[in-house]
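Residue numbers (our numbering): 19 to 188.
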């Protein structure tokens, strides 16, 4: 015989499981629709899961030596705009990471940067470099952690507000 507490825990777990399943099912339905819409104008790179369990479509566009890698989570319908975008340009035997735009700590920036590193490796481009600008000075700790997590060398200038990043393919 189960106690009332144990039964409540089992029921709660079952409810949580059903809610998770329903959310996943909705993401899969949106994924199909979003993939169709995104593929009309962009190159689909893949589908990845964020650290929060959100399935996300990664896609890109390239023009005149510039590449933009974008992310759109399948938790909502695609209406033509990205939730995160990484912008970079090609240089002599390297990429220059110009900017990553999007909501901090969403996991989308990490997905875009990981995809960008894979593209650099696939193209035999051994280096990604970039600048840390003064407009990012209010979140230097977060930037330092983010780039270190992705195996970048991070160097801060004496002012502590600007610096540079550097990644080399192994």
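A virtual CB, placed ideally from N, CA and C, is assigned to each residue, including glycine.
Per DSSP, what kind of secondary structure is residue i in: helix, strand or coil?
i           : result
residue 92  : coil
residue 163 : helix
residue 113 : strand
residue 48  : helix
residue 153 : helix
Just grab the DSSP bridge partners of residue i for me.
i           : result
residue 34  : Beta-bridge pairing links residue 34 to no other residue.
residue 104 : 87, 118
residue 58  : Note: residue 58 sits in no beta bridge, so no partner.
residue 181 : 150, 174
residue 67  : 73
residue 43  : Per DSSP, none; premise fails for residue 43.
Looking at the unbroken beta strand (DSSP E) that takes in residue i, where does it start and where does it end?
i           : result
residue 78  : 73-81
residue 147 : 145-150
Residue range of the alpha helix (DSSP H) that residue i falls in?
i           : result
residue 136 : 126-140
Spatial neighbours of residue i within its chain, please: CB distance less than 6 Å, with the 5 preceding and 5 following residues excluded, ordered by chain position.
i           : result
residue 155 : 179
residue 105 : 86, 116, 117
residue 183 : 148, 165, 170, 172
residue 134 : 87, 104
residue 162 : 172
residue 138 : 113, 146
Which residues in the same chain as residue i place their Cβ atom closer than 8 Å to its Cβ, once the five residues preceding and following it in sequence are excluded?
i          : result
residue 22 : Legend: pLDDT at residue 22 = 48, less than 50; position of this residue unreliable, value from coordinates given subsequently. Once the five neighbours on either side are set aside, residue 22 has no close Cβ partner at all.
To which residues of the same chain is residue i closer than 7 Å at the C-beta, ignoring the five residues directly before and after it?
i           : result
residue 151 : 180
residue 25  : Residue confidence is low: residue 25 scores 48 on pLDDT, short of 50, so the model does not pin down where it sits. Its coordinate-derived value is still stated next. Nothing meets the Cβ criterion.
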